[in-house]
Amino acid sequence: MTSTKQEVQVSYDVSNEFFRLWLDERMHYTSAVYERDTDTLEQAQLNKCAVLYDYAEMNADKRVLDIGCGWGSNLEYLTLQRGVKEVHGVTLSSAQFEEIKARKLPGATVWCEDFLTFEPKEKYDALISIEMIDHLCSPAQANEGRAIEIYRNYFKRCAACVKPGSYFGFQAILRNRVPRTRADIADLKFTADVIFPGGLNPRLEELVAAVNPYWEICELKTRRVHYGKTTGEWLRRLRLHEKQIRDTWGDQVFVDYDRYLSTCVRAFANHWSSDVQMKLRHIDV
Ligand SMILES: C[S@@+](CC[C@H](N)C(=O)[O-])C[C@H]1O[C@@H](n2cnc3c(N)ncnc32)[C@H](O)[C@@H]1O
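Take the sequence shown: its letter number 135 is residue 121 in the working numbering, and every next letter is one higher.
Written out as structure tokens, the structure is:
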């Protein structure tokens, strides 16, 4: 059981114009990678795409699938910045699907479909997936001890989509420590229940267990500080547009997103949450 289409729409279908106001111009909704102190959010998002491009051992001729492709930010990077000739994406959000079609990216094909039932016509040379796995296991399933089995099933499906020797640039939000105060626990629960219903951030050790026996971990980097900076910048931009957001989408939308992003900033600062990027190689011997 993944986040249902209805639950995904709660998270991503408020309005494309709303997200455009406080994300970067290409609408990356995942941690950026700050390589220099002077990096803007826009530059840091391109840095993130470059890391995953390298992890996936991409080149312009490889066919790649972006699993959980959002509003098409990484597909845009692959096609326009790197000249990749054939890129595919899958998202569960209709609003994101419409946005990607409107971008008219050369060589891009996208499906509004559940990856868990997605049947590729041809095997891919590479995979990229940026913070989609966080939608796959519900809190109830984790309580039943099913998290690793659910993530392993995802990695098995990913392996079935690629040719032998393929690489996978993978990124996920992580849950680390439990906060100490009831108020902080309530804020995290609010974020999970109201902003991202149906999902749960995995633990790093669950992912490390679940890639077996399908993928070898070649490289692994945690990005906690980078996600703190990213969410801090999203919050700053959200607040810059407070009046417009309250006037257009209502007070509750502003209040909820302000609470959620403030919680994220504290979550990364206090090690409640983190983020990981992995270079995975398909095991096919
Ligand atoms: C946090 S967003 C990340 C979007 C994008 N990768 C980015 O970097 O901005 C998670 C994405 O996963 C997609 N998603 C969640 N569950 C999915 C599923 N079962 N099948 C396909 N896409 C899914 C959502 O629609 C959304 O596009």
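Backbone N, C-alpha and C fix where the C-beta goes; we use that ideal spot for every residue, glycine too. Computed from a predicted model, the values in this text were never measured in an experiment.
- Within its chain, find whatever has a CB closer than 6 angstroms to the CB of Pro125; leave out the 5 residues flanking it on each side and keep chain order. As a first step, residue 125 is located in the sequence shown; it is residue number 139 there, counting from the start. Taken in chain order, the residues that qualify are Leu186.
- Query: Buried or exposed: Glu135, going by 16 or more other Cβ atoms within 10 Å of its Cβ?
  - Reply: Reading the sequence shown from its first residue, position 149 is the one you call residue 135. So Glu135 ends up on the exposed side.
- Message: Is Thr326 close to ligand 1? I mean its beta-carbon at under 7 angstroms from any heavy atom of the ligand.
- Response: This structure cannot speak to residue 326, because the chain is shown only from -13 to 271.
- Query: Between which two residues does the beta strand (DSSP E) harbouring Ala42 extend?
  - Reply: For this step, residue 42 is matched to residue 56 along the sequence shown. Careful: Ala42 lies outside any beta strand (DSSP E) and carries neither H nor E.
- Work out the CA separation of Val271 and Glu219 for me, nearest whole Å. Here residue 219 is taken as the residue at index 233 of the sequence shown, counted from 1. Here residue 271 is taken as the residue at index 285 of the sequence shown, counted from 1. Cα to Cα, the separation comes out at about 44 angstroms.
- Task: With DSSP collapsed to three states, give me the class of Ser115.
- Result: Along the sequence shown, one-based indexing puts residue 115 at 129. Ser115 falls in the strand class under three-state DSSP.
- Since Pro183 contacts Glu(-7) with CB under 8 angstroms, what's their CB separation in whole angstroms? The count along the sequence shown starts at 1 and reaches residue 183 at position 197. The count along the sequence shown starts at 1 and reaches residue -7 at position 7. About 4 angstroms separates the two Cβ atoms, so the contact holds.
- Query: For ligand 1, any of its heavy atoms closer than 7 angstroms to the Cβ of Gly155?
  - Reply: Position 169 of the sequence shown, counted from the first residue, corresponds to residue 155. No, the Cβ of Gly155 stays beyond 7 angstroms of every heavy atom of ligand 1.
- Item | Spatial distance of Pro106 from Asp52 (CA atoms) | The count along the sequence shown starts at 1 and reaches residue 106 at position 120. The count along the sequence shown starts at 1 and reaches residue 52 at position 66. Approximately 12 angstroms between the Cα atoms of the pair.
- Query: Thinking C-alpha only, which one of Thr249, Asn129 and Gln31 is nearest Arg209?
  - Reply: Against the sequence shown, residue 209 aligns to sequence position 223. With distances taken between Cα atoms, Arg209 lies closest to Gln31.
- Message: Taking its Cβ as the centre, do 16 or more other Cβ atoms sit within 10 Å of Asp47, making it buried, or is it exposed?
- Response: Working through the sequence shown from its first residue, we reach residue 47 at position 61. Flag for Asp47 reads exposed.
- Query: For Gln157, does the count of other Cβ atoms within 10 angstroms reach 16, so buried, or fall short, so exposed?
  - Reply: Taking the first residue of the sequence shown as 1, we reach residue 157 at position 171. So Gln157 counts as buried.
- Item | CB-CB length for Val50 against Leu113, believed under 8 angstroms | Sequence index remark: in the sequence shown, residue 50 carries index 64 (1-based). Sequence index remark: in the sequence shown, residue 113 carries index 127 (1-based). Confirmed, Cβ separation roughly 7 angstroms.
- Task: Tell me whether the beta-carbon of Val76 lies closer than 8 angstroms to the beta-carbon of Met44.
- Result: For the purposes of this step, residue 76 is taken as the residue at position 90 of the sequence shown. For the purposes of this step, residue 44 is taken as the residue at position 58 of the sequence shown. No.
- Message: Taking only three categories from DSSP, how would you classify Asp274?
- Response: Because the chain in this structure spans residues -13 to 271, residue 274 falls outside the shown range and cannot be described.
- Cβ-Cβ separation, Asp261 to Ile159 (assumed contact under 8 angstroms), whole Å: Counting from one through the sequence shown, the residue named residue 159 turns up at place 173. Counting from one through the sequence shown, the residue named residue 261 turns up at place 275. About 5 angstroms; that satisfies the 8 angstroms criterion.
- Query: DSSP state of Gly58, grouped into three classes?
  - Reply: If you number the sequence shown from 1, residue 58 lands on position 72. Here Gly58 sits in coil by DSSP.
- Message: Quick check: does the Cβ of Tyr(-2) come within less than 7 angstroms of any heavy atom belonging to ligand 1?
- Response: As a working note, residue -2 is residue 12 in the sequence shown. Tyr(-2): yes, Cβ under 7 angstroms from ligand 1.
- C-beta atoms of Tyr41 and Tyr140 nearer than 8 angstroms: Locating residue 41 in the sequence shown gives position 55, counting from the first residue. Locating residue 140 in the sequence shown gives position 154, counting from the first residue. No. Outside cutoff.
- Message: Is the separation between the beta-carbon of Gly54 and that of Glu85 shorter than 8 angstroms?
- Response: The residue given as residue 54 occupies position 68 in the sequence shown. The residue given as residue 85 occupies position 99 in the sequence shown. The answer is no: Cβ separation not under 8 angstroms.
- Check whether the Cβ of Arg210 lies closer than 8 angstroms to any Cβ atom in chain D. In the structure shown, chain D cannot be found, because there is only a single protein chain.
- Message: Less than 8 angstroms between C-beta atoms, sequence neighbours within five positions excluded: which residues of the same chain meet that for Val164?
- Response: Reading the sequence shown from its first residue, position 178 is the one you call residue 164. Cβ neighbours of Val164 beyond the five flanking positions: Ile171 and Trp258.
- Would you mind working out which of Phe101, Asp111, Lys215 and Asn162 sits nearest Thr24, comparing C-alpha positions? What you label residue 24 is simply residue 38 of the sequence shown in a count that begins at 1. Closest option to Thr24, Cα to Cα, is Lys215.
- Query: Under 7 angstroms from any heavy atom of ligand 1, does the C-beta of Glu219 make it?
  - Reply: Position 233 of the sequence shown, counted from the first residue, corresponds to residue 219. Result no, Cβ not under 7 angstroms from ligand 1.
- Task: Please report how far the alpha carbon of Trp235 lies from the alpha carbon of Pro150, in whole angstroms.
- Result: Stepping through the sequence shown from its first residue, residue 235 is reached at position 249. Stepping through the sequence shown from its first residue, residue 150 is reached at position 164. C-alpha separation (whole angstroms): 48 angstroms.
- Query: Cys98 bridges to which residues according to DSSP?
  - Reply: Stepping through the sequence shown from its first residue, residue 98 is reached at position 112. BP columns for Cys98 point to Thr77.
- Message: Can you tell me whether Ile203 sits near ligand 1, meaning its C-beta is under 7 angstroms from at least one heavy atom of the ligand?
- Response: The residue you call residue 203 lines up with position 217 of the sequence shown. Taking 7 angstroms as the cut-off, one finds no heavy atom of ligand 1 near enough to the beta carbon of Ile203.
- Can you tell me which of the three DSSP states Phe104 falls into? Counting from one through the sequence shown, the residue named residue 104 turns up at place 118. Correct three-state label for Phe104: coil.
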